Structures are given as C-alpha cells and as structure tokens.
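S.K.:
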Amino acid sequence: MLNFIIDTVYQAGNLLKQYYNSELTIQTKSTDRDLVTQADLDSEKILVSAIEKQFPTHAILAEEGGQMGNADYLWLIDPLDGTTNFAHGHPMFCISVGLVYRGETCLAVILDPLRNELFVAEKDKGARLNEKPIMVSQTKSLNTAVVATGFPYDRATNPHNNLKEFGTIMPLVQGIRRGGSAALDLAYVASGRLDGYWEFHLKPWDVAAGVLIVREAGGCVTYPDGSPWQWNRDSLVAGNVDIHQQIVTHIIDN
Ligand code: IPD
Ligand code: CA
Ligand code: CA
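Letter 149 of the sequence shown, counting from 1, is numbered 148 in numbering that gives the first Met the number 0, and no numbers are missing.
#1: Can you tell me whether residue 178 is helix, strand or coil according to DSSP?
#2: Would the C-beta of residue 153 count as close to ligand 2, meaning under 6 Å from any of its heavy atoms?
#3: Taking Cβ to Cβ, would you say residue 8 is nearer than 7 Å to residue 99?
#4: Buried or exposed: where does residue 169 fall if 16 or more other Cβ atoms within 10 Å of its Cβ makes it buried?
#5: In chain order, what are the residues with a CB under 5 Å from some non-hydrogen atom of ligand 2?
#6: Could you check whether the Cβ of residue 180 sits closer than 6 Å to any heavy atom belonging to ligand 1?
#7: Residues in its own chain within less than 6 Å of residue 18 by CB, not counting five upstream and five downstream?
#8: How is the beta strand (DSSP E) around residue 50 delimited, first residue to last?
#9: Compute the distance between the beta-carbons of residue 205 and residue 181, then report whether it is under 7 Å.
#10: Using a Cβ-Cβ cut-off of 8 Å (strictly less than) and excluding sequence neighbours within five positions of residue 13, which residues of its own chain qualify?
#11: Taking three-plus beta-carbon pairs below 8 Å as touching, is the stretch 204-223 in contact with the stretch 70-88?
#12: I need the DSSP call for residue 70, collapsed to helix, strand or coil.
#13: Given this structure, state the Cα-to-Cα distance separating residue 172 from residue 6, to the nearest angstrom.
#14: Could you check whether the Cβ of residue 149 sits closer than 6 Å to any heavy atom belonging to ligand 1?
#15: Around the C-beta of residue 161, are 16 or more other C-beta atoms found within 10 angstroms, so that it is buried, or is it exposed?
#16: Give the DSSP-derived three-state secondary structure of residue 116 in the structure shown.
#17: Please state whether DSSP places residue 1 in a helix, a strand or coil.
#18: Could you name the residues of the same chain whose beta carbon sits closer than 6 Å to that of residue 178, not counting the 5 residues immediately before and after it, in chain order?
#19: Look at the alpha carbon of residue 106 and the alpha carbon of residue 94, and state the distance between them as a whole number of angstroms.
#20: Taking DSSP as the reference, what is the three-state secondary structure of residue 255?
#21: Quick one: what does DSSP say residue 156 is sitting in, helix, strand or coil?
#22: Return helix, strand or coil for residue 62, following the three-state DSSP convention.
#23: What are the partner residues of residue 100, as DSSP defines its beta bridges?
#24: Considering residue 166, what are the terminal residues of the alpha helix (DSSP H) in which it resides?
#25: Where does residue 238 sit, in a helix, a strand or coil, going by DSSP?
#26: Are the CB atoms of residue 136 and residue 253 within a distance shorter than 7 Å?
#27: Residues bridged to residue 26 by DSSP?
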C-alpha cells in the first residue's frame, strides 16, 4: 500500500507543478476566501481513481468529492493543501493522504512537490523525510520556540477564530508562522523545523496524515483541551512533548 500511494502522490504532485503559476480557473466554496482550482479537482481525480482501481473495497473521504463508500479502510485525501497559497503563486502547498483502519491512522504521506520533499509515516515504524528518519525538536520552552497556527475561512463571522489564542501565545514565543498548509505545518513539527502548532476548525483530510507523522516522529498531538485527538476531531495542538504541553496550558487558561 505504501509504494502504491507514494507513486500515486508523485503523479498528482507532477500535475500540481504543471498547474503552478499557470492561468487557473478559481472558484469559491464555503466563503469567498475558501477557494478551489482546477488543480485541486484534477489532483483529486488522480488520487481517487487510482485508489478505486487498486482497492475497490476501500472507502474514501476526499475534500472535493466527499465520502465514497463505507469500509474498515478509509483513505483521507487532501489533493492540494494550501490552495490559497497555490492560487497566489506562494510555494507552501502539498498533497496529503492518510489511511485510517477502523478509526486508527496507519499510513501517512505528505508530498511538497516543489521542494521534492516526501514525508511518510507508518504506525509504529517511525517517520521519514525522503527516506531519512525524522524527529521532533528538543526545544524546551516557548520563549525559544517557533510555532505555527492558522485561521478558519469563516474567521470574519465565527467568534472562535483563533485571534484570542494567537494574542496570548504570540508574545511568548521566539517566532510565529501562518504557513497556510496545515499538513505541511504538521510535517514541519515532525521534522523539527517548527516546535509546535495549533489550529481550530480543520477537516480530517487536512491533518490525518500529519498527525501520524508527528506522533511517529516522537511528538504529541491532542485536542486543544488536552483530551485525545481522533481522526474526526476538528481542532488540535501538536508539538514536541514540552511545547505541546505549554501551548495546551495557555489555550485552556485563555
Ligand atoms: C487549508 C490549509 C490552511 C488551514 C485551513 C485549511 P486548503 O486547507 O490547510 O492552512 O488554515 O484551515 O482549510 O483549503 O488549502 O486545502
Ligand atoms: Ca486542506
Ligand atoms: Ca485542499
């Protein structure tokens, strides 16, 4: 399954590279900030049709096409994570695919096609970047940490838009980033490029793969109140064990 999905994700990545910086058809979805391009749709087509052909009994939950089937194996697909970046020619975007078996993510692949960086994790077998093992950082305290976050598409109308939490944590850290790709934010936590990350109101396809990669890299992921995160929960805090704990504490006390 791993070799199959890596091959397929590279095919979708090549397509995104062809579309990148070209004239794109862009439409909006839930709000006028929530974009979908022809690249999202065509990338998803590659991923979904390959999985349907290879594993006809598996279920799929894909961002643009929704749920297809019901089965013990469920593929969670974000065909282009970071669409706003992509549509503006900003290079922070990726493809994210996670495989959930009976509610537990067992396989995760995130490809940054422009940098040719492939993050992979298999349950209990560790996490790798381009085949080399990766580990979360060892930063101990927020004042020497670089962390990332994000803001939901409905932030203009949703009072729970992360501004309060951002305002609390921003003065405490060495640096804070808003990368625009939840999957890459998690992959960067896993590889020690970021020390922590939190975000609210995400979707399963944004984070299923990234969460397994962080955990397999020795990091910690929970719901923002510290309770266990599962693939269908919409908000999370991730980080090395120390930074994760400090972010959770500040969010709870907020
Ligand atoms: C979005 C990105 C962004 C996050 C949003 C996601 P999309 O995914 O991951 O960083 O803040 O919540 O929806 O729409 O580019 O696939
Ligand atoms: Ca996404
Ligand atoms: Ca997407």
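Where is the CB? At the ideal position from N, CA and C, for every residue including glycine. Here the structure is a predicted model, which means the values were calculated and not measured.
M.R.: Concretely, from the data shown:
#1: coil
#2: no
#3: no
#4: exposed
#5: 77, 80 and 205
#6: yes
#7: 38
#8: Premise fails: residue 50 lies in the alpha helix (DSSP H), 37-53, not in any beta strand (DSSP E).
#9: yes
#10: 112
#11: yes
#12: coil
#13: 39 Å
#14: yes
#15: buried
#16: strand
#17: helix
#18: 91, 147 and 184
#19: 14 Å
#20: Limits of the chain in this structure are 0 at one end and 253 at the other, which puts residue 255 out of reach.
#21: coil
#22: coil
#23: 72 and 103
#24: 162-168
#25: strand
#26: no
#27: 35
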